[in-house]
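Structure first, then comments.
There are 2 protein chains.
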Amino acid sequence: MFSRPLARYTAALQQRSFAVLTRESINPKVLDAEYAVRGPLVLRSVEYTKRLKNGDKSLPFAKVIPCNIGNPLILKQEPIEFHRQVLALVNVPGLVDAPEAKKLFQPDAIARAKFYLDNIPGGTGAYGHSKGSEVVRIEVANFLERRDGYPADPEDIFLTDGASPAVQNTLMALIRDGNDAILAPIPQYPLYSAAIALNGGTLTGYYLDESKTWASTVDELTRATNEARNQGKTVRAIAVINPGNPTGQCLTTENIQEIIKFAQKEGVVILADEVYQENVYAAGKEFVSFRKVLKDMGPAYNNVELISFHSTSKGFTGECGRRGGYMELVNISECAKDQFYKLMSVNLCSNIEGQLMVGLMTNPPKEGDASYARYAEQRDTTLSSLKRRAVKLVKAFNELEGVTCNETEGAMYTFPQITLPPKAVEAAKKAGLAPDAFYCMEMLDTTGIIVVPGSGFGQQEGTWHFRSTILPPEEDIDEVIEKTATFHADFMNKYR
Amino acid sequence: MFSRPLARYTAALQQRSFAVLTRESINPKVLDAEYAVRGPLVLRSVEYTKRLKNGDKSLPFAKVIPCNIGNPLILKQEPIEFHRQVLALVNVPGLVDAPEAKKLFQPDAIARAKFYLDNIPGGTGAYGHSKGSEVVRIEVANFLERRDGYPADPEDIFLTDGASPAVQNTLMALIRDGNDAILAPIPQYPLYSAAIALNGGTLTGYYLDESKTWASTVDELTRATNEARNQGKTVRAIAVINPGNPTGQCLTTENIQEIIKFAQKEGVVILADEVYQENVYAAGKEFVSFRKVLKDMGPAYNNVELISFHSTSKGFTGECGRRGGYMELVNISECAKDQFYKLMSVNLCSNIEGQLMVGLMTNPPKEGDASYARYAEQRDTTLSSLKRRAVKLVKAFNELEGVTCNETEGAMYTFPQITLPPKAVEAAKKAGLAPDAFYCMEMLDTTGIIVVPGSGFGQQEGTWHFRSTILPPEEDIDEVIEKTATFHADFMNKYR
Numbered sequence: 001m002f003s004r005p006l007a008r009y010t011a012a013l014q015q016r017s018f019a020v021l022t023r024e025s026i027n028p029k030v031l032d033a034e035y036a037v038r039g040p041l042v043l044r045s046v047e048y049t050k051r052l053k054n055g056d057k058s059l060p061f062a063k064v065i066p067c068n069i070g071n072p073l074i075l076k077q078e079p080i081e082f083h084r085q086v087l088a089l090v091n092v093p094g095l096v097d098a099p100e101a102k103k104l105f106q107p108d109a110i111a112r113a114k115f116y117l118d119n120i121p122g123g124t125g126a127y128g129h130s131k132g133s134e135v136v137r138i139e140v141a142n143f144l145e146r147r148d149g150y151p152a153d154p155e156d157i158f159l160t161d162g163a164s165p166a167v168q169n170t171l172m173a174l175i176r177d178g179n180d181a182i183l184a185p186i187p188q189y190p191l192y193s194a195a196i197a198l199n200g201g202t203l204t205g206y207y208l209d210e211s212k213t214w215a216s217t218v219d220e221l222t223r224a225t226n227e228a229r230n231q232g233k234t235v236r237a238i239a240v241i242n243p244g245n246p247t248g249q250c251l252t253t254e255n256i257q258e259i260i261k262f263a264q265k266e267g268v269v270i271l272a273d274e275v276y277q278e279n280v281y282a283a284g285k286e287f288v289s290f291r292k293v294l295k296d297m298g299p300a301y302n303n304v305e306l307i308s309f310h311s312t313s314k315g316f317t318g319e320c321g322r323r324g325g326y327m328e329l330v331n332i333s334e335c336a337k338d339q340f341y342k343l344m345s346v347n348l349c350s351n352i353e354g355q356l357m358v359g360l361m362t363n364p365p366k367e368g369d370a371s372y373a374r375y376a377e378q379r380d381t382t383l384s385s386l387k388r389r390a391v392k393l394v395k396a397f398n399e400l401e402g403v404t405c406n407e408t409e410g411a412m413y414t415f416p417q418i419t420l421p422p423k424a425v426e427a428a429k430k431a432g433l434a435p436d437a438f439y440c441m442e443m444l445d446t447t448g449i450i451v452v453p454g455s456g457f458g459q460q461e462g463t464w465h466f467r468s469t470i471l472p473p474e475e476d477i478d479e480v481i482e483k484t485a486t487f488h489a490d491f492m493n494k495y496r
Numbered sequence: 001m002f003s004r005p006l007a008r009y010t011a012a013l014q015q016r017s018f019a020v021l022t023r024e025s026i027n028p029k030v031l032d033a034e035y036a037v038r039g040p041l042v043l044r045s046v047e048y049t050k051r052l053k054n055g056d057k058s059l060p061f062a063k064v065i066p067c068n069i070g071n072p073l074i075l076k077q078e079p080i081e082f083h084r085q086v087l088a089l090v091n092v093p094g095l096v097d098a099p100e101a102k103k104l105f106q107p108d109a110i111a112r113a114k115f116y117l118d119n120i121p122g123g124t125g126a127y128g129h130s131k132g133s134e135v136v137r138i139e140v141a142n143f144l145e146r147r148d149g150y151p152a153d154p155e156d157i158f159l160t161d162g163a164s165p166a167v168q169n170t171l172m173a174l175i176r177d178g179n180d181a182i183l184a185p186i187p188q189y190p191l192y193s194a195a196i197a198l199n200g201g202t203l204t205g206y207y208l209d210e211s212k213t214w215a216s217t218v219d220e221l222t223r224a225t226n227e228a229r230n231q232g233k234t235v236r237a238i239a240v241i242n243p244g245n246p247t248g249q250c251l252t253t254e255n256i257q258e259i260i261k262f263a264q265k266e267g268v269v270i271l272a273d274e275v276y277q278e279n280v281y282a283a284g285k286e287f288v289s290f291r292k293v294l295k296d297m298g299p300a301y302n303n304v305e306l307i308s309f310h311s312t313s314k315g316f317t318g319e320c321g322r323r324g325g326y327m328e329l330v331n332i333s334e335c336a337k338d339q340f341y342k343l344m345s346v347n348l349c350s351n352i353e354g355q356l357m358v359g360l361m362t363n364p365p366k367e368g369d370a371s372y373a374r375y376a377e378q379r380d381t382t383l384s385s386l387k388r389r390a391v392k393l394v395k396a397f398n399e400l401e402g403v404t405c406n407e408t409e410g411a412m413y414t415f416p417q418i419t420l421p422p423k424a425v426e427a428a429k430k431a432g433l434a435p436d437a438f439y440c441m442e443m444l445d446t447t448g449i450i451v452v453p454g455s456g457f458g459q460q461e462g463t464w465h466f467r468s469t470i471l472p473p474e475e476d477i478d479e480v481i482e483k484t485a486t487f488h489a490d491f492m493n494k495y496r
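Protein chains in written order, with UniProt numbering: chain P, 1 to 496; chain E, 1 to 496.
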C-alpha cells in the first residue's frame, strides 16, 4: 500500500499518460452498445453521395437510394399541407392576422395556429411544461378516447422528442443493474438493444417465428423468461413492437390478450411500441392498441403496467425530422409518474414544434373543414401507395434465388431471409463482416441501394436477412427491384 | 436453497405481489437524481396559473411571474424576425416561390430558406445526418473561426436538441461507475448533478468564492480533486459554466488559462458550458471561449481534451422551445468521436428546426442584407435591456435587510445570499423544507413570483440563497422589485 501522497502522485502520472476519452477509458457500456441502422454502411453511403454530388462518374450507380431507414419525406412522400401551414403560421409573430396570409393559408390552418398561440405561453420559442403543452396533451387524450373507446387523462401523457428518447427514459427507470432483464423480440429494432446496453441491463430475446409470419407465442415468452431467471436475472419488462419492426407482423386481439396475461402472471411491464399504428396493409388485419385490449379485459387486469409509444415520424405523417412523439402511462404508480416528470424536466421540455406536430397528427382536419379534402387525399394517396409498394417488393424478393420473404402486414419494412452460398460466408469472414453485412455492403457498392443486415436486428443462429424499407417512390420501385435482382443474381453466381 | 421450479414459483409470486415501477422497485439512480429548477415550486405555480385563468380571485396576486427559469420569450422578449421568417418559409413546400411570399418575407430570408431546402435532403421533415445537417455544421464552424481566430472542422461539431442532452451524452461517455468523479462548481446548474446521478457517477464539488464575485481558484480545484482521490475516486472531467449559472461571473483569460493548466496536469477533460456567451453585461468584461484560450496556449496544450456546449436558448436569440444546440470536440480521440456519433444515432438526429436555429444564430444577417438593420436593432435592444434589468435587480436585492448580491457580470441570473432569522429556519424545518426553499415557497404564495432556492444549486453549508432570472420585462421589473421588497420585509418581521 502506498502512502497517500505517493498514491496521489502515481495516480496523477497515470492519468497524464493517456487521454480520458479513448477506447481504453471511455465508458464500456457506450463502447458495447450497437446501433445497426446507422453504422459503417451509412457512413459509406454518405461518402458515395458526396462523390456523386461532386460529379464523380466512377461509381456504378448514379444515385444512392436509402432503403435503410423509415424516412419517407426524403423519398418524395409529401408532407401533410395542413400541418405545415400551421407550423409556418405559429412561427412568425403577427402572421395569423396578416391580410396576405389569407391568400397563402387555409382558414382552418389560421384558426388552429391562433389556438396554439393563444394556449401555449411564449409560443414555439419558449420552454413549455416538461410533460408537454397541456393543450396538445388534451388533443392526444381525445385521440386515444376516439381510437379505443376509453377516456385518457392528459396527465398520463408525456410529449417527447420522438419515441426514441421516451423508450430510453423508460428503460432507464426500469434497469437498476445488469441483473435486470428486458424481454425484447428477436429480430428487434436496435434502439432496444442499444438503450438496454447503455443502461447496463440485460436483453433477453424472445424469438419471433418466421415460419408463422413472425408470430410471438406465450411458450416462447415463457422459455425466454425462465432462461433469464435461471441465470439469476429479474425480468422487468417486455417490449412489443406492433406492427413489427423490422418484421412487419400485425398482432391480433388474441395475441395481445395472451401477452397481457403473460405480463400479469410474470409481473412485467409492457412496453408497447405502436409507432406504426397507421401503417397496416394486409387484408383482414387492423391495428388494435394494447391499451384498448387491456381496458377491454376489465378490472381484473388493471394491475398490468403498460407504457405505449407513438411518434409523428411514421404513419402517413412521416415527420421524422420534427422529433415529435408521446408516451402514455397506464396503471403506473404516481411515484413513477413523478419520476418520469423529473426525467423530462432535466431536459426542460421536448421541442415545441414536435409537440405541435403530435397535436396535428392526433387532431387533424375534420369533415367540413377547409383543409379536410386535401388532408384526406394526401392520407389516402400515401397509405394506398405504401401498400402497393409493400406488396410489390415482397413479391419481388420471393422471386429471388434462395430468398423467402413474409408478407409486410404493417409498418414500413420487408425482412427477407437470404440463403448465402458457403463461398460468400467465407469471403465475409475474410472481410471481417457478418455474412449478411457483407451482402449488404456489396449491394451498396454495386447498386447504391442501402439496406440493413439482419445481424443488426438479431436473427435465429445460422439464418441471414436484410431489412429494406418499402419507401422508394412508386416511380422508382421497379428500378430498385431490377437493380436488386441483378445484384442478387450476380452475387449468387460470383460466390456459387 | 430452493430447487429450481420452487425458486421460480417463489420469484413469480414475489413479482406478482407488487408493481415494477414503484418507489421500492424503480431504478434508485432515477429516484436519487434531483432537478430543482422544476420542482414542487413549479408545480404549485402551475396550479396558481390555472386558478387565475379560471377566474379565482382568492389569491393575493393577479399573475404568476416566472423568474425561475431562463425562458425569455415567455416574458415578452421578441424572437428575432429573420430567424422566424426562415423557419416559416422552409416548412411550407413551394412558399419560397409564391409571389405573395414576397410581401410577407424579406428577400434574404427567402434566399436563406432556399439555401436550406436545397441543401438539407427532405427538408425539416426528414431525419438528417445524426451529427446534424452538414450545411449547418459548416455555419457553426465558420462562426467558431470568426469568434476565435482558429478554423474549426464541421466533423467535430455535433448538433443536439439543446445543450442539455449534449451534456448528458458526454457524461454518459465519461462515467463508468460510481468511482468516476466529475468536478462541478458549487453552486451549479443542476443539470450536472442530475445527469451525474443518473449515470451513477460522483459529483465532486469545487466551491466558487462568493466573496470574490464567485471566482474559482486552482487551490480550490486541487483541494476538491485531492479529496475525491483520497476517497478512491478517479476524477474524469471538470465542468465549467462561463458565464456562470446561477452565479453570473464571467471568467478572464487568466482564469481560463489556469483551468486549462490544471486540466492538463490532472488529466481531466474540460466541459465548457458556454451557453451564455452572448450575455455579458459588466463593464470591462468580455466572453472568451475555452477554445480560443486553449489554442492560444499553443501545441504544448493540444493534449487537453475540451468539449464545449452552446445553445439557441440563451443569448439574445432566446429560442428555448426550439431545442437547438451544438457541442464541439477539441483534442478528442477519433474513437470517442465515433462513440458520440453512435450515441447521437440511437436517437436518429436532433430536430431539424432546432438545427436550423443553430445555423441562423451562428450565421445571422450581415451588413447590407435586407434584414440586417432589424436584426441588429432587436439584438441591441434585447442585450441593453437585459443589462439594465440585471443592474436594477442586483441593486434592489442589495438594499434588502440581510441580503447581499454579487454583480451579474453575465448570464441571466442574480443569486443573492439571504440571512434568515432563526425562527424562519425553525418554521422551515417544521414544514420539511430547506430554509431557502421555505422562503421561496412563501414568496410564491404571497407574490406569485417564482424563484429557485439556492439549495437546488448547492451552496456553502449554512448559507442560503435564491436564484432569480433578470428576465421580467422592463415595464414589470419595478413591480417585481417592489413586491419582492414588501414580501421580504414582511417575512423578516414575521419570523424575527
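No residue lacks a Cβ here, since even glycine has one placed at the ideal position from N, Cα and C.
| query | result |
| --- | --- |
| Checking contacts by CB at 9 angstroms: is E:Arg-374 closer than that to chain P? | no |
| Counting only beta-carbon atoms, is P:Met-172 nearer than 9 angstroms to chain E? | yes |
| Could you spell out the range, first to last residue, of the alpha helix (DSSP H) harbouring E:Asp-97? | Unbroken run through E:Asp-97: none, as it is neither H nor E. |
| Alpha carbon to alpha carbon, how far is E:Ala-33 from E:Ala-11? Give it in angstroms, no decimals. | In this prediction, E:Ala-11 scores a pLDDT of 45, lower than 50, which makes its location untrustworthy; the coordinate-derived value is nonetheless stated afterwards. Between E:Ala-11 and E:Ala-33, the C-alpha separation is close to 29 angstroms. |
| In terms of DSSP beta bridges, what is E:Leu-306 paired with? | E:Ile-270 and E:Val-330 |
| Would you tell me roughly how many angstroms separate the C-alpha atoms of E:Met-385 and P:Met-441, rounded to the nearest one? | Position check: residue 385 of chain E holds Ser in this sequence, whereas Met was assumed. Straight-line Cα distance between these residues: approximately 57 angstroms. |
| Can you tell me whether E:Asp-436 is buried or exposed, with buried defined as 16 or more other CB within 10 angstroms of its CB? | buried |
| What did DSSP end up calling E:Lys-337 once you bin it into helix, strand or coil? | helix |
| What are the residues of the segment 113-137 of chain E that lie near chain P, defined by any Cβ-Cβ distance shorter than 8 angstroms? | Pro-121, Gly-122, Gly-123, Thr-124, Gly-125, Ala-126, Tyr-127, Gly-128, His-129 and Ser-130 |
| Hey, quick one: how far does the alpha helix (DSSP H) through P:Arg-44 stretch, first residue to last? | 40-53 |
| Just to check my reading of the structure: E:Ala-126 and P:Gly-321 have Cβ atoms closer than 8 angstroms, yes? What is that Cβ distance to the nearest angstrom? | 5 angstroms |
| Would you identify the three-state DSSP class for residue 499 of chain E, choosing helix, strand or coil? | With chain E running from 1 to 496 in the structure shown, residue 499 of chain E is simply not present. |
| Can you find the residues in the same chain that come closer than 8 angstroms, C-beta to C-beta, to E:Asn-169, ignoring five residues on each side of it along the sequence? | Thr-160, Phe-340, Leu-343 and Met-344 |
| Quickly, what does DSSP pair E:Ser-311 with across the bridge? List them, please. | E:Gly-325 |
| Less than 9 angstroms between CB atoms is the rule here; does P:Val-451 satisfy it with respect to chain E? | no |
| For the segment 296-322 of chain P, list every residue whose C-beta sits within 8 angstroms of some C-beta in chain E, in sequence order. | Asn-303, Glu-305, Ser-313, Gly-318, Glu-319, Cys-320, Gly-321 and Arg-322 |
| Classify P:Glu-482 as buried or exposed, calling it buried when 16 or more other Cβ atoms lie within 10 Å of its own Cβ. | exposed |
| What are the residues of the segment 229-256 of chain P that lie near chain E, defined by any Cβ-Cβ distance shorter than 9 angstroms? | Arg-229, Asn-230, Thr-234, Val-235, Arg-236 and Ala-237 |
| Below 9 angstroms between beta carbons is the criterion; list the residues of the segment 256-280 of chain E that meet it against any residue of chain P, in chain order. | Gln-264, Lys-265, Glu-266, Gly-267, Val-268 and Val-269 |
| Taking 9 angstroms as the threshold (beta carbon to beta carbon), is P:Asn-331 in contact with chain E? | yes |
| Quick one: residues in its chain with C-beta nearer than 7 angstroms to the C-beta of P:Ala-431, no 5 flanking neighbours on either side, listed in chain order? | Phe-438 |
| Beta-carbon within less than 6 angstroms of P:Asp-273's beta-carbon, same chain only, minus the 5 sequence neighbours each way: which residues are those? | Ile-241 and Phe-309 |
| Just checking: is the beta-carbon of P:Gln-459 within a distance shorter than 9 angstroms of some beta-carbon in chain E? | no |
| Give me the residue from P:Lys-429, P:Ala-166 and P:Phe-105 with the minimum Cα distance to P:Ser-130. | P:Ala-166 |
| Quick test of the definition: if touching needs 3 or more C-beta pairs under 8 angstroms, does the segment 169-181 of chain E touch the segment 235-255 of chain E? | yes |
| If we count the other Cβ atoms within 10 Å of its Cβ and call it buried at 16 or more, is E:Asn-303 buried or exposed? | exposed |
| Going by DSSP, name the residue or residues bridged to P:Thr-252. | Answer is none; P:Thr-252 lacks a bridge partner. |
| Under 8 angstroms between beta-carbons, which chain P residues line up against E:Leu-73? List them in chain order, please. | Gly-122, Gly-123, Gly-125 and Ala-126 |
| Grouping DSSP H, G and I as helix and E and B as strand, with all else coil, what is P:Phe-2? | Residue confidence is low: P:Phe-2 scores 41 on pLDDT, short of 50, so the model does not pin down where it sits. No coordinate-derived value is stated. |
| Could you list which residues in chain P have their beta carbon closer than 7 angstroms to that of E:Ile-352, in chain order? | Gly-321 |
| Using the Cβ count rule (16 or more neighbours within 10 Å means buried), how would you classify E:Gly-132? | buried |
| Could you have a look at P:Gln-257 and say whether DSSP puts it in helix, strand or coil? | helix |
| For the segment 472-493 of chain P, list every residue whose C-beta sits within 9 angstroms of some C-beta in chain E, in sequence order. | none |
| Going by beta-carbon coordinates alone, are P:Ile-450 and P:Val-140 separated by less than 9 angstroms? | no |
| What does the alpha-carbon distance come out to for the pair P:Leu-393 and P:Ala-215? | 21 angstroms |
| Spell out whether any CB of chain E is found under 9 angstroms from the CB atom of P:Gly-368. | no |
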